Amino acid sequence: MNLNAGYSSLSSPLELGLHKSGLRITPQRKKVLDLFQRIGGGNHLSAEEVHAHLLQMKSRVSLATIYRTLRLLVRMGFLHELELSEGGHRFELLSKDHPDHHHLVCINCGRTEEFESDEVVSAGRKAAENKGFKLIESTLNVRALCPKCI
Ligand SMILES: [Zn+2]
Ligand SMILES: [Zn+2]
1324 MNLNAGYSSL SSPLELGLHK SGLRITPQRK KVLDLFQRIG GGNHLSAEEV HAHLLQMKSR
1384 VSLATIYRTL RLLVRMGFLH ELELSEGGHR FELLSKDHPD HHHLVCINCG RTEEFESDEV
1444 VSAGRKAAEN KGFKLIESTL NVRALCPKCI
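In our numbering, the protein residues as written are 1324 to 1473.
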């Protein structure tokens, strides 16, 4: 269960070109978001990969702009950012159809696998309750080496 409901009504504000955060959905932001929607939840892209995809679509956007756009889409609640250990970041679509999940990340090649664990979710919920925190999200990123990189 993800309590961050900011992304639950994706389509209509997008059509209006405005997000409830007050930030505008520019054509460029929409292009990046469309890419994530097309590949669907459960895919984790780096900024470089997003950049390469857009170039394939004949969209000439600088990598710096892609970074800015991705960060903004995270702030707007459309994307989730995964922080890997080596300063690498990956982004994925936040969606209701793809609820709280956890990540197993290879710190060498960046291969990312998802898994689900009720234990992690309930441990987070209990910890929050015990300390009087309001739970937003309870996810686990496991840094590891994949079979190819061991
Ligand atoms: Zn994921
Ligand atoms: Zn690896």
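Even glycine gets a Cβ: it sits at the ideal position worked out from N, Cα and C.
These numbers come from a predicted model, not from an experiment.
Hey, how far is the Cα of residue i from the Cα of residue j?
i       : j       : result
Cys1432 : Asn1453 : 38 angstroms
Phe1359 : Leu1416 : 6 angstroms
Ile1389 : Ser1382 : 11 angstroms
Leu1402 : Gln1379 : 22 angstroms
Met1399 : Pro1350 : 15 angstroms
Ala1446 : Val1384 : 42 angstroms
His1376 : Ile1348 : 20 angstroms
Ala1451 : Glu1406 : 22 angstroms
Val1397 : Phe1414 : 8 angstroms
His1426 : Lys1353 : 26 angstroms
Val1373 : Leu1463 : 24 angstroms
Consider the Cβ of residue i: report whether some Cβ of chain C lies at a distance smaller than 9 angstroms.
i       : result
Leu1368 : Within the model displayed, chain C is absent; a lone protein chain is all it includes.
Kindly examine ligand 1 and report whether one of its heavy atoms sits closer than 8 angstroms to the Cβ of residue i.
i       : result
His1412 : no
Thr1392 : no
His1424 : yes
If we count the other Cβ atoms within 10 Å of its Cβ and call it buried at 16 or more, is residue i buried or exposed?
i       : result
Gly1370 : Residue 1370 is actually Ala in this sequence, not Gly. Buried, by the Cβ-count rule.
Thr1435 : buried
Val1465 : exposed
Phe1456 : exposed
Leu1393 : buried
Leu1386 : exposed
Leu1346 : exposed
Leu1326 : Note that Leu1326 scores 45 on pLDDT, short of 50, meaning its location in the model is unreliable and no value can be drawn from it.
Arg1361 : exposed
Ser1461 : buried
Please determine whether the Cβ atom of residue i lies at a distance below 8 angstroms from any heavy atom of ligand 4.
i       : result
Leu1396 : No copy of ligand 4 appears in this structure; the ligands present are ligand 1 and ligand 2.
Quick one: what's got a C-beta closer than 6 angstroms to residue i's C-beta in the same chain, skipping five residues either side?
i       : result
Glu1439 : His1424
By Cβ distance below 7 angstroms, which residues in the same chain neighbour residue i in space, the five residues on each side in sequence not counted?
i       : result
Leu1468 : Cys1429, Ile1430, Asn1431
Asn1448 : Reading off the sequence, residue 1448 comes out as Arg, not Asn. Counting only Cβ-Cβ distances below 7 angstroms, and skipping sequence neighbours, we find Leu1458, Ser1461.
Given the structure, does residue i come close to ligand 2, in the sense that its CB is under 8 angstroms from one of the ligand's heavy atoms?
i       : result
Asn1464 : no
Asn1366 : no
Tell me which same chain residues have a C-beta within less than 8 angstroms of the C-beta of residue i, skipping the five on either side of it?
i       : result
Val1443 : His1425, Ser1461, Thr1462, Leu1463
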